[in-house]
Amino acid sequence: SCYLPPLRHPAVTSFLDSPGSEVNQYLIHGGKTPNNELSQKLYVMSIVPSANKKSLLCCIEKDLVGDIPEARYGHSMNVVHSRGKTAVVLFGGRSYIPLNQRTTEKWNSVFD
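For reference, each letter of the sequence shown is one residue, going 1075 to 1186 in this note's numbering.
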């Protein structure tokens, strides 16, 4: 289990653990932390039934590999299944750039 900080404007989506499974999992990515920093972490939360008929909420921080997306907030994401593989796709969002570093040179560019 992990600590999930109170994030503002993260991307959240749900998916089934496996086909036919009743375990719903939730992915949480990015957002702003209480210190106003941007997070690039990915958390997986699931509700697991226990023996005494109470449900447990489990949280795992996933290690990202490959091209790691830039920290952002105000974005969305979906889980895509294709040809036996599963991928998480991020859409849009904003990354914070300090005022003195902002330029117009990338206004018409698409990233990620």
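Glycine included, C-beta positions come from ideal geometry on N, C-alpha and C. Just so we're clear, the structure is a prediction, and the values are computed from it rather than from any experiment.
If you check the beta carbons only, do residue i and residue j fall under 8 Å apart?
i: Leu-1116; j: Leu-1081; result: no
i: Val-1122; j: Cys-1133; result: no
i: Ser-1169; j: Leu-1078; result: no
Which residue wins for smallest C-alpha separation from residue i, given the options the options?
i: Leu-1130; options: Asn-1098, Ser-1156, Lys-1136; result: Asn-1098
i: Leu-1164; options: Tyr-1077, Lys-1106, Pro-1079, Ala-1085; result: Ala-1085
i: Tyr-1147; options: Phe-1089, Leu-1090, Ile-1102; result: Ile-1102
i: Glu-1135; options: Glu-1144, Tyr-1100, Lys-1159, Arg-1157; result: Tyr-1100
i: Asp-1141; options: Lys-1128, Ala-1125, Arg-1157, Gln-1114; result: Gln-1114
i: His-1149; options: Leu-1090, Val-1162, Arg-1157; result: Val-1162
i: Pro-1108; options: Gly-1158, His-1083, Asn-1152, Pro-1143; result: His-1083
What residue ranges within the region 1091-1176 form continuous beta strand (DSSP E) runs of no fewer than 3 residues, ordered along the chain? You should have 1098-1103, 1116-1123, 1129-1136, 1150-1156, 1159-1165.
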